[in-house]
Amino acid sequence: MFESGFNLFFLLLPLLILQFLPRISAIRKDIGFQEIKICSNTVQGRFLLSDDNGHVCDALSLDPQSRCCPEKGEKFSCHGCNLLSQCCNSYEYCVSCCLDPATTQEEEVIKLKIAKPSTAATYASIFYFCAGRCRHNSESVVHENAYLSDFHHCFSLPSNPSGANYTQLEARLVGINVVIGKQGESCDSACKSNGQSCVLSKLLVLNQCDIMQKYMSCKGTCLASIGADQPAEVVDNAPKHLNPGACLYTRTQSILSCDGSHQHTRRLCPCA
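Under mature numbering (1 follows the signal peptide of the UniProt record, and there is no 0), residues -26 to -1, 1 to 246 are what the sequence shown spells out, in order.
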(Lines of atoms letter the chains of each structure in order from A and count residues from 1; the text may use other names and numbers.)
(Lines give C-alpha, C1' and ligand atoms only; values in the text may rest on other atoms or scores of the structure.)
Protein backbone atom coordinates (compact mmCIF):
# COMPACT_ATOMS: atom_id res chain seq x y z
CA MET A 1 0.00 0.00 0.00
CA PHE A 2 2.81 2.37 0.95
CA GLU A 3 4.79 1.48 -2.15
CA SER A 4 1.79 2.11 -4.38
CA GLY A 5 1.23 5.57 -2.91
CA PHE A 6 4.94 6.37 -3.22
CA ASN A 7 4.90 5.54 -6.93
CA LEU A 8 1.81 7.66 -7.47
CA PHE A 9 3.56 10.62 -5.79
CA PHE A 10 6.49 10.42 -8.20
CA LEU A 11 4.14 10.20 -11.14
CA LEU A 12 2.31 13.38 -10.11
CA LEU A 13 5.44 15.31 -9.07
CA PRO A 14 6.25 16.65 -12.60
CA LEU A 15 2.71 17.96 -12.93
CA LEU A 16 3.00 19.75 -9.57
CA ILE A 17 6.31 21.35 -10.61
CA LEU A 18 4.88 22.58 -13.90
CA GLN A 19 1.88 24.00 -12.07
CA PHE A 20 4.04 26.37 -10.00
CA LEU A 21 6.57 27.37 -12.64
CA PRO A 22 6.16 30.88 -14.22
CA ARG A 23 3.93 30.71 -17.29
CA ILE A 24 5.82 31.07 -20.58
CA SER A 25 3.96 32.31 -23.62
CA ALA A 26 4.50 30.23 -26.72
CA ILE A 27 3.74 33.20 -29.00
CA ARG A 28 6.44 35.79 -29.76
CA LYS A 29 4.83 39.19 -29.67
CA ASP A 30 7.92 41.14 -30.66
CA ILE A 31 8.11 39.76 -34.20
CA GLY A 32 6.51 42.01 -36.82
CA PHE A 33 5.64 41.10 -40.38
CA GLN A 34 6.78 43.65 -42.96
CA GLU A 35 3.76 44.93 -44.83
CA ILE A 36 4.23 45.00 -48.60
CA LYS A 37 2.80 48.11 -50.27
CA ILE A 38 0.77 47.25 -53.34
CA CYS A 39 1.05 49.94 -56.00
CA SER A 40 -1.56 51.06 -58.45
CA ASN A 41 -0.15 51.43 -61.95
CA THR A 42 -1.20 52.27 -65.47
CA VAL A 43 -1.02 48.56 -66.48
CA GLN A 44 -2.03 48.88 -70.13
CA GLY A 45 1.14 50.41 -71.55
CA ARG A 46 2.79 48.46 -74.38
CA PHE A 47 6.30 49.38 -73.24
CA LEU A 48 6.08 51.52 -70.09
CA LEU A 49 4.09 51.78 -66.87
CA SER A 50 3.75 54.50 -64.26
CA ASP A 51 2.98 53.68 -60.63
CA ASP A 52 1.32 55.77 -57.94
CA ASN A 53 4.73 56.61 -56.44
CA GLY A 54 5.53 58.67 -59.54
CA HIS A 55 8.06 56.28 -61.07
CA VAL A 56 8.09 55.09 -64.69
CA CYS A 57 9.52 51.71 -65.72
CA ASP A 58 9.10 48.95 -68.29
CA ALA A 59 6.92 45.92 -67.60
CA LEU A 60 9.91 43.61 -67.04
CA SER A 61 11.20 45.85 -64.23
CA LEU A 62 7.90 45.84 -62.35
CA ASP A 63 8.03 44.07 -58.98
CA PRO A 64 5.73 41.02 -59.36
CA GLN A 65 4.59 41.18 -55.72
CA SER A 66 4.15 44.88 -55.05
CA ARG A 67 3.35 45.91 -58.67
CA CYS A 68 5.66 48.91 -58.06
CA CYS A 69 8.41 50.25 -60.30
CA PRO A 70 11.96 50.16 -58.89
CA GLU A 71 12.67 53.21 -56.76
CA LYS A 72 15.55 54.34 -58.91
CA GLY A 73 15.80 57.02 -61.51
CA GLU A 74 13.81 60.23 -61.59
CA LYS A 75 10.60 60.48 -59.62
CA PHE A 76 7.74 62.59 -61.05
CA SER A 77 9.50 62.64 -64.41
CA CYS A 78 8.21 65.10 -67.03
CA HIS A 79 10.23 63.59 -69.88
CA GLY A 80 8.58 64.56 -73.16
CA CYS A 81 6.22 67.04 -71.49
CA ASN A 82 5.57 70.71 -72.18
CA LEU A 83 5.12 72.37 -68.80
CA LEU A 84 3.65 75.45 -70.49
CA SER A 85 0.64 73.60 -71.87
CA GLN A 86 0.89 70.73 -69.33
CA CYS A 87 0.74 68.20 -72.16
CA CYS A 88 3.04 65.26 -72.93
CA ASN A 89 3.75 62.97 -75.87
CA SER A 90 3.72 59.90 -73.61
CA TYR A 91 0.83 58.71 -71.46
CA GLU A 92 3.01 57.18 -68.73
CA TYR A 93 5.23 60.27 -68.34
CA CYS A 94 2.10 62.43 -68.33
CA VAL A 95 0.84 60.48 -65.28
CA SER A 96 4.25 60.67 -63.58
CA CYS A 97 4.54 64.43 -64.14
CA CYS A 98 0.94 65.01 -63.03
CA LEU A 99 1.59 63.22 -59.71
CA ASP A 100 4.20 65.80 -58.68
CA PRO A 101 2.73 67.77 -55.71
CA ALA A 102 4.31 70.91 -57.16
CA THR A 103 2.26 70.40 -60.33
CA THR A 104 -1.09 69.08 -59.10
CA GLN A 105 -2.66 69.80 -55.72
CA GLU A 106 -4.36 66.64 -54.43
CA GLU A 107 -6.92 68.55 -52.36
CA GLU A 108 -8.14 70.24 -55.55
CA VAL A 109 -8.48 67.23 -57.83
CA ILE A 110 -10.10 64.73 -55.46
CA LYS A 111 -13.10 67.05 -55.24
CA LEU A 112 -13.65 67.05 -59.01
CA LYS A 113 -16.43 65.00 -60.55
CA ILE A 114 -15.40 62.15 -62.84
CA ALA A 115 -18.34 62.95 -65.15
CA LYS A 116 -20.72 65.86 -65.62
CA PRO A 117 -23.87 64.58 -63.81
CA SER A 118 -24.21 65.89 -60.26
CA THR A 119 -24.46 62.30 -59.04
CA ALA A 120 -21.07 61.38 -60.53
CA ALA A 121 -18.39 60.09 -58.18
CA THR A 122 -15.15 61.85 -57.34
CA TYR A 123 -11.60 60.56 -57.74
CA ALA A 124 -10.34 58.21 -55.02
CA SER A 125 -6.82 59.66 -55.18
CA ILE A 126 -4.56 61.93 -57.20
CA PHE A 127 -3.27 58.86 -59.08
CA TYR A 128 -6.73 58.04 -60.47
CA PHE A 129 -7.22 61.68 -61.47
CA CYS A 130 -3.91 61.74 -63.34
CA ALA A 131 -4.48 58.33 -64.95
CA GLY A 132 -7.90 59.41 -66.21
CA ARG A 133 -7.02 62.97 -67.14
CA CYS A 134 -3.95 61.98 -69.17
CA ARG A 135 -5.92 59.31 -71.05
CA HIS A 136 -9.11 61.23 -71.87
CA ASN A 137 -8.96 64.98 -72.32
CA SER A 138 -11.36 66.72 -74.70
CA GLU A 139 -9.15 69.81 -74.62
CA SER A 140 -6.38 68.00 -76.53
CA VAL A 141 -8.50 67.35 -79.65
CA VAL A 142 -9.69 69.56 -82.46
CA HIS A 143 -12.93 69.08 -84.42
CA GLU A 144 -13.59 66.13 -82.07
CA ASN A 145 -11.84 63.69 -84.41
CA ALA A 146 -8.15 64.61 -84.45
CA TYR A 147 -5.43 65.41 -81.95
CA LEU A 148 -4.33 69.01 -81.71
CA SER A 149 -0.67 67.92 -81.60
CA ASP A 150 1.58 64.99 -80.69
CA PHE A 151 1.44 66.35 -77.15
CA HIS A 152 -2.11 65.13 -76.56
CA HIS A 153 -1.74 63.58 -73.10
CA CYS A 154 -2.71 66.57 -70.96
CA PHE A 155 -3.08 66.69 -67.18
CA SER A 156 -4.23 70.27 -66.63
CA LEU A 157 -7.42 70.88 -64.69
CA PRO A 158 -10.62 71.26 -66.74
CA SER A 159 -11.09 74.63 -68.39
CA ASN A 160 -12.75 77.45 -66.50
CA PRO A 161 -12.67 75.61 -63.16
CA SER A 162 -14.25 78.51 -61.31
CA GLY A 163 -17.51 78.03 -63.22
CA ALA A 164 -18.04 81.77 -63.28
CA ASN A 165 -21.33 82.85 -64.84
CA TYR A 166 -20.83 84.14 -68.39
CA THR A 167 -23.45 86.89 -68.06
CA GLN A 168 -21.83 88.21 -64.91
CA LEU A 169 -18.43 88.23 -66.62
CA GLU A 170 -19.81 90.24 -69.54
CA ALA A 171 -21.31 92.76 -67.11
CA ARG A 172 -17.88 93.32 -65.59
CA LEU A 173 -16.55 94.32 -69.03
CA VAL A 174 -18.91 97.26 -69.50
CA GLY A 175 -16.85 100.26 -70.62
CA ILE A 176 -13.89 98.07 -71.57
CA ASN A 177 -12.59 97.84 -75.12
CA VAL A 178 -11.40 94.25 -75.63
CA VAL A 179 -8.45 94.28 -78.04
CA ILE A 180 -6.51 91.38 -79.57
CA GLY A 181 -2.82 92.24 -79.66
CA LYS A 182 -0.41 91.38 -82.42
CA GLN A 183 1.88 88.38 -82.21
CA GLY A 184 4.48 88.98 -79.48
CA GLU A 185 2.84 92.28 -78.42
CA SER A 186 2.08 93.19 -74.80
CA CYS A 187 -1.29 94.56 -73.68
CA ASP A 188 0.37 97.86 -72.77
CA SER A 189 1.47 98.24 -76.40
CA ALA A 190 -1.82 96.95 -77.89
CA CYS A 191 -3.92 99.38 -75.83
CA LYS A 192 -1.55 102.28 -76.48
CA SER A 193 -1.97 101.71 -80.24
CA ASN A 194 -5.71 102.43 -79.68
CA GLY A 195 -5.00 105.53 -77.60
CA GLN A 196 -5.95 103.72 -74.38
CA SER A 197 -4.34 102.04 -71.39
CA CYS A 198 -4.44 98.45 -70.21
CA VAL A 199 -6.74 97.86 -67.21
CA LEU A 200 -4.89 95.26 -65.12
CA SER A 201 -7.88 94.32 -62.92
CA LYS A 202 -9.94 93.35 -65.99
CA LEU A 203 -7.37 90.75 -67.07
CA LEU A 204 -8.93 88.54 -64.39
CA VAL A 205 -12.25 88.74 -66.24
CA LEU A 206 -10.72 87.91 -69.61
CA ASN A 207 -8.83 85.00 -68.04
CA GLN A 208 -11.83 82.69 -68.69
CA CYS A 209 -12.30 80.23 -71.50
CA ASP A 210 -15.86 81.35 -72.24
CA ILE A 211 -14.68 84.93 -72.75
CA MET A 212 -11.62 84.00 -74.81
CA GLN A 213 -13.67 81.78 -77.11
CA LYS A 214 -15.96 84.72 -77.86
CA TYR A 215 -13.16 87.00 -79.05
CA MET A 216 -10.60 84.48 -80.36
CA SER A 217 -10.86 81.35 -82.51
CA CYS A 218 -9.25 78.93 -79.98
CA LYS A 219 -9.93 76.09 -82.45
CA GLY A 220 -11.98 74.15 -79.95
CA THR A 221 -9.46 73.95 -77.14
CA CYS A 222 -8.61 75.99 -74.06
CA LEU A 223 -5.71 74.96 -71.85
CA ALA A 224 -4.53 75.89 -68.37
CA SER A 225 -1.00 77.24 -68.56
CA ILE A 226 1.54 79.43 -66.79
CA GLY A 227 2.73 82.81 -68.01
CA ALA A 228 2.44 86.57 -67.60
CA ASP A 229 1.37 86.82 -71.28
CA GLN A 230 -2.04 85.28 -70.63
CA PRO A 231 -4.90 85.20 -71.43
CA ALA A 232 -3.71 84.61 -74.97
CA GLU A 233 -4.02 82.51 -78.10
CA VAL A 234 -1.09 80.52 -79.54
CA VAL A 235 -0.48 81.62 -83.13
CA ASP A 236 -0.97 79.10 -85.94
CA ASN A 237 2.69 79.13 -86.99
CA ALA A 238 3.98 78.28 -83.50
CA PRO A 239 5.92 75.01 -82.99
CA LYS A 240 3.62 72.00 -82.66
CA HIS A 241 4.55 71.34 -79.02
CA LEU A 242 3.13 74.76 -78.07
CA ASN A 243 -0.34 73.74 -79.33
CA PRO A 244 -0.93 76.20 -82.21
CA GLY A 245 -4.41 77.70 -82.18
CA ALA A 246 -5.12 76.90 -78.53
CA CYS A 247 -6.26 79.52 -76.04
CA LEU A 248 -4.33 79.72 -72.80
CA TYR A 249 -5.56 80.87 -69.41
CA THR A 250 -3.59 80.83 -66.17
CA ARG A 251 -4.61 79.43 -62.81
CA THR A 252 -1.86 81.50 -61.16
CA GLN A 253 -3.72 84.79 -61.49
CA SER A 254 -1.21 86.70 -59.39
CA ILE A 255 1.26 86.70 -62.31
CA LEU A 256 -1.13 88.39 -64.78
CA SER A 257 0.54 91.45 -66.23
CA CYS A 258 -0.19 94.12 -68.82
CA ASP A 259 3.42 94.16 -70.01
CA GLY A 260 3.80 90.40 -70.42
CA SER A 261 4.30 89.02 -73.93
CA HIS A 262 5.40 85.89 -75.76
CA GLN A 263 6.75 85.53 -79.28
CA HIS A 264 4.24 82.79 -80.14
CA THR A 265 1.03 84.23 -78.69
CA ARG A 266 -1.50 87.01 -79.28
CA ARG A 267 -2.84 88.54 -76.11
CA LEU A 268 -6.44 89.37 -75.24
CA CYS A 269 -6.32 92.83 -73.69
CA PRO A 270 -8.74 95.02 -71.68
CA CYS A 271 -8.29 98.65 -72.70
CA ALA A 272 -9.92 101.87 -71.45
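Heads up, the beta-carbon is just placed ideally off N, CA and C, and yes, glycines get one too. Being a predicted model, the structure only gives us computed values, none of them experimental.
Residue i versus residue j: straight-line alpha-carbon distance, rounded
{"i": "Ser163", "j": "Asn27", "result": "46 Å"}
{"i": "Asp37", "j": "Gln60", "result": "29 Å"}
{"i": "Ile12", "j": "Pro218", "result": "41 Å"}
{"i": "Cys221", "j": "Val83", "result": "22 Å"}
{"i": "Ser175", "j": "Tyr223", "result": "15 Å"}
{"i": "Ser99", "j": "Ser14", "result": "11 Å"}
{"i": "Cys62", "j": "His215", "result": "9 Å"}
{"i": "Thr195", "j": "Ile185", "result": "13 Å"}
{"i": "Ser228", "j": "Ile200", "result": "11 Å"}
{"i": "Glu48", "j": "His29", "result": "7 Å"}
{"i": "Arg20", "j": "Glu80", "result": "28 Å"}
Proximity below 8 Å, CB of residue i to CB of residue j
{"i": "Ile150", "j": "Val173", "result": "yes"}
{"i": "Cys31", "j": "Cys52", "result": "no"}
{"i": "Phe129", "j": "Cys104", "result": "yes"}
{"i": "Ala198", "j": "Arg225", "result": "yes"}
{"i": "Gly54", "j": "Ser40", "result": "no"}
{"i": "Phe50", "j": "Leu34", "result": "no"}
{"i": "Ser171", "j": "Cys243", "result": "no"}
{"i": "Leu143", "j": "Gln182", "result": "yes"}
{"i": "Leu177", "j": "Leu131", "result": "no"}
{"i": "Ala212", "j": "His238", "result": "yes"}
{"i": "Cys42", "j": "Val69", "result": "no"}
Residue i in three-state terms, based on DSSP
{"i": "Val69", "result": "helix"}
{"i": "His236", "result": "coil"}
{"i": "Ile154", "result": "strand"}
{"i": "Cys221", "result": "strand"}
{"i": "Glu159", "result": "coil"}
{"i": "Arg241", "result": "strand"}
{"i": "Lys87", "result": "strand"}
Check: residue i C-beta below 7 Å from any heavy atom of the ligand ADP
{"i": "Cys232", "result": "This structure lacks the ligand ADP; in fact it carries no ligand of any kind."}
Buried versus exposed call for residue i [16 or more other C-beta atoms within 10 Å across all chains shown]
{"i": "Ser235", "result": "buried"}
{"i": "Glu66", "result": "buried"}
{"i": "Ala95", "result": "exposed"}
{"i": "Ala206", "result": "buried"}
{"i": "Val17", "result": "exposed"}
{"i": "Leu57", "result": "exposed"}
{"i": "Asp233", "result": "exposed"}
{"i": "Glu159", "result": "buried"}
{"i": "Phe101", "result": "buried"}
Any beta strand (DSSP E) of 3 or more consecutive residues that is wholly inside the stretch 9 to 62: Runs found: 22 to 24, 30 to 32.
Contained beta strand (DSSP E) runs [length at least 3] in the stretch 175 to 224, N- to C-terminal order: Within the stretch 175 to 224, the complete beta strand (DSSP E) segments at least 3 residues long are 196 to 199, 206 to 208, 221 to 224, listed from N- to C-terminus.
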